[in-house]
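First the structure, in the form of structure tokens, and then the observations on it.
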Amino acid sequence: PPIAGARLGIGDVHAAAADDVWAVGTEAGVGGPPGRPGNPALAHWDGTAWTRVAPGFTVGSLSGIAGDAHGRAAWISGWNYQDQSRSTYLRRDGDGWTVVRGPAGGATAPYLNDVTAVPGTGGFWSAGMTSPVPAPPTEAYTERLDG
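Each residue of the sequence shown is one higher than the last, beginning at 1 in our numbering.
Below is the structure:
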């Protein structure tokens, strides 16, 4: 079944079980003038229906989702338009999600495309680029997180 949303694009999906599926993406240009960045989108499938979940910031995108050692959704990579000083993640905190900022001193305005778990550790790697737009020229960007 579809996930409700205007101009919604899903970037990644993580299934821990038939009744525990998470989807991340972006709702393009909702609630602003033309050219405005989209809204981050987060939804959960409980085996019956999709439910939208507030992601903790309002302008930007969510792009990748990774599971923990037990297969449960644990980290989501994203981009927070309103604070581009460091990378932005969502970390699973029990039943909810908490916004976590990446390490200081990395790229300014990093745009993360994906996040993945490192097997046998609590760590994660993410990858993206140093800017959400191609000009000025952007470079590949990686980041390591300790779980």
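Glycine included, each C-beta is placed from N, C-alpha and C at the ideal position.
- [ ] Just the C-alpha distance for Trp97 and Pro136, rounded to the nearest angstrom, thanks.
- [x] 33 Å
Open item on the list: Just to confirm the assignment, what range does the beta strand (DSSP E) spanning Tyr89 have?
Closed with: Thr88 to Asp93
Task: Nearest-angstrom Cβ-Cβ length linking Trp75 and Arg91, presumed shorter than 8 Å - done: 6 Å
Open item on the list: Between Gly67 and chain B, is the shortest Cβ-Cβ distance under 9 Å, so that the two count as touching?
Closed with: No chain B appears in this structure, which consists of one protein chain only.
Open item on the list: Please tell me whether Trp45 and Asp20 are closer than 9 Å, where the distance is taken between their beta carbons.
Closed with: yes
Open item on the list: Taking 9 Å as the threshold (C-beta atoms), are Pro33 and Gly60 in contact?
Closed with: Between Gly60 and Pro33, the CB-CB gap reaches or exceeds 9 Å.
Task: Every unbroken beta strand (DSSP E) within the stretch 61-86, with a cutoff of 3 residues, ordered by chain - done: 73-80
Open item on the list: According to DSSP, simplified to helix, strand and coil, what is Ala6?
Closed with: Three-state DSSP puts Ala6 in coil, outside helix and strand.
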